[in-house]
Amino acid sequence: MLVLKKWNNQDDKPNHPPTPPKLPIIGNLHQLGSLPHHSLRNLANKYGPVMLMHFGRKPTLIISSAEAAREVLKTYDLNFCTRPSLVGTKRLSYDFRDFAFTPYGDYWKDMRKICVVELFSSTRVQSFEFVRSEEVSDIMKSIAKSAPSPINLTEIFFSLTNNITSRVTFGKSYRGRNFDVAKFIEVVYEAMNMLASFSATDFFPYVGWIIDVLTGFNTRLEKFFNEFDGLYQQVIDEHLDPDRKKPEHEDIIDVLLGLRRNENGNTRLTISHIKGLLMNIFLGGIDTSAVTMVWVMAELIKKPEAMKNVQEEIRNCVGKKGKVEPSDMNQLQYFRMVVKETLRLHPPGVLLLPRECMKHCKINGYDIYPKTRVLLNAWAISRSSEHWENPEEFIPERFMDSSIDFRGQNFELLPFGSGRRGCPGINMGMATIELGLANLLYCFNFELPNKQDINMDEVASITVHKKIPLVVVPTKYVEPI
């Protein structure tokens, strides 16, 4: 009887994932380093692709394999359908209803439907084609005027993605004299820095808020959310002005304001809901697209043979007409392989937005319990030698005749996540990235100033940027139009 009882107790013992040694109080925080995606991959190589760490008092599951990612994102999606609160925002007074951080439910489903069907469907994205074309054309002409003087492509790409996102969202009103565009850009960048920074409240419940108060973290967080609130309210008020001239093309705020009531006349969207959706659009759209464009150009400059191949393809397709049009994109197969390979090596969100376990389940045979945070290291997964030959090398040709795509069906390549939590703005983002890059590669040739070598060092925020801005010397191939 005693032997049987001991045997049963062994069967009931939880099978926890392997855990690196941790320190008192801080847990494994000291092991993250300045580039967490690198540090976590190194630890996963030692402890396995499903690894439990403790950041302060928060147990956090680190996923570093495609197989385990499939279990989290597909097999047990309902178990991991919520996210931890956004860096201590429960303590803030702002009222943005951010559906990205709510569990699945009627509200989440409605907001998701609005994003996928009303805001970022293929039809809606195509309706903003004229905005992308105009802004890309303006940027190309500006570069042509500067050539052959060195230009900062990092700044240019951020300006381009900001201009497109602002016009698509606010319409032409954002350029009005009463709206401070420079201040808005400054607030966007401050938001990105804040969301990537350390909040003691996240890792040390009950006492962490004291640290956040003493360091001024809460004050800064409250300040930038209030600034967003004021800027969004200003533009919304302009759109609600009864004397406003009806625009030729609806912008996103027009669309959202038109959805405030459902077919029964009941409230579907409040102004707070609209502000929350706007927050997602700007924080998720400007930075990620610009960063991807920078890494594409950096990889091409680093590998001249690939640069030559992609420029020949684009120029042979377009001829001398002076610009690449969206209708040309389907013919640019090698160009699209270049973009896909860059997304593999440099996913914009190297650690996908965290999830939180709601119900006990097993991942790769390990017991995972409620309130455990989950981080998927998309960067490590897309550089795994289990799925990729020579995974650290930039080889666009690996996608020739390959069915692997980045839209969430192939778990070895997850730059935009997967499933119901996948990025709803993928169509909009890719349209901007492709049109901007294709025109740049068509119109100009590039070299580095003083024939120097390119530096590929990274710096981590919510997205991973090139540490040193990409400065190049352009020379005209054609006159942009």
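Letter by letter, the sequence shown follows residues 169 to 649 of the working numbering.
Beta carbons: idealized from backbone N, C-alpha and C, even for Gly.
As the structure is a prediction and not an experimental result, all values here were calculated from the model.
Taken through DSSP and simplified to helix, strand or coil, CYS249 comes out as coil. Shown here, PHE567 sits in a helix according to DSSP, grouped into three states.
Rounded to whole angstroms, PHE385 and SER367 show a C-alpha spacing of 7 Å. As a beta-bridge residue in DSSP terms, MET219 pairs with ILE230.
Annotation for GLU358: PHE392 place their beta carbon closer than 7 Å to its own, counting only its chain and skipping 5 residues before and after. Taking 8 Å as the cut-off, the Cβ atoms of VAL299 and ARG335 count as close.
When DSSP states are grouped into helix, strand and coil, PRO642 belongs to the strand group.
Excluding five sequence positions before and after VAL506, the CB atoms of its chain that fall closer than 6 Å to its own CB belong to VAL478 and PRO564, given in chain order.
Judged by beta-carbon spacing, PRO516 lies beyond the 8 Å limit of LEU603, meaning their Cβ atoms are not closer than that value. A contact is defined here as three or more CB-CB pairs under 8 Å, and the stretch 558-572 fails this definition with respect to the stretch 416-429. GLY590 carries a coil assignment under DSSP once its states are collapsed to helix, strand and coil. For VAL492, the secondary structure class from DSSP, reduced to helix, strand or coil, is coil. Separation of the CB atoms of ARG541 and LYS226 is rounded to 6 Å, and the pair is thereby assigned contact status at 8 Å. ALA312 is the residue among LYS488, ALA312 and ALA234 whose C-alpha sits nearest the C-alpha of VAL640. For the pair LYS635 and ALA466, the CB atoms are not nearer than the 8 Å cut-off. Burial is judged here by how many other beta carbons sit within 10 angstroms of a residue's own beta carbon; MET568 has fewer than 16 and is exposed.
If you draw a 10 Å sphere on the C-beta of SER457, you find 16 or more other C-beta atoms in it, and that means buried. Around the beta carbon of HIS205, 16 or more other beta carbons sit within 10 angstroms, so the residue counts as buried. The beta carbon of LEU197 lies closer than 6 Å to those of PHE223 in the same chain, with the five residues before and after it left out.
In this model, SER317 and ASP573 are separated by some 38 Å (Cα to Cα).
About 16 Å separates the beta carbon of ILE194 from that of LEU208, a gap too long to meet the 8 Å contact definition.
Partner residues in the beta bridge of GLU615, as assigned by DSSP, are VAL641. If you look at VAL627, you'll find it isn't in any alpha helix (DSSP H); it sits in the beta strand (DSSP E) that goes 626-628. Using a Cβ-Cβ distance cut-off of 8 Å, the stretch 394-406 and the stretch 320-333 are not in contact, since fewer than three pairs of beta carbons, one from each stretch, lie closer than that value.
With 16 or more other Cβ atoms inside 10 Å of its own Cβ, ASN595 counts as buried. The beta carbon of ASN578 is closer than 7 Å to those of ILE572 in its chain, skipping five residues each way along the sequence. Fewer than three Cβ pairs drawn from the stretch 284-300 and the stretch 434-441 lie within less than 8 Å of each other, which leaves the two stretches out of contact. Between the stretch 580-597 and the stretch 535-552, the count of C-beta pairs closer than 8 Å reaches three or more; the two stretches touch. Counting along the chain, no beta strand (DSSP E) covers HIS407; the unbroken alpha helix (DSSP H) around it starts and ends at 385-408. Here the C-alpha atom of GLY490 lies approximately 38 Å from the C-alpha atom of LEU520. In the three-state reduction of the DSSP assignment, THR600 falls in the helix class. Between the alpha carbons of ALA628 and GLY433 lies a gap of roughly 46 Å. Considered as a whole, the stretch 427-515 harbours 439-470, 472-486 and 501-513 as its complete alpha helix (DSSP H) runs of no fewer than 4 residues, in chain order.
Straight across, the Cα-Cα distance linking LYS539 with THR369 is about 15 Å. Taken atom to atom, the span from the alpha-carbon of GLN199 to that of LEU191 is near 10 Å. Rounded to the nearest whole angstrom, the C-alpha separation of HIS514 and LYS281 is 29 Å.
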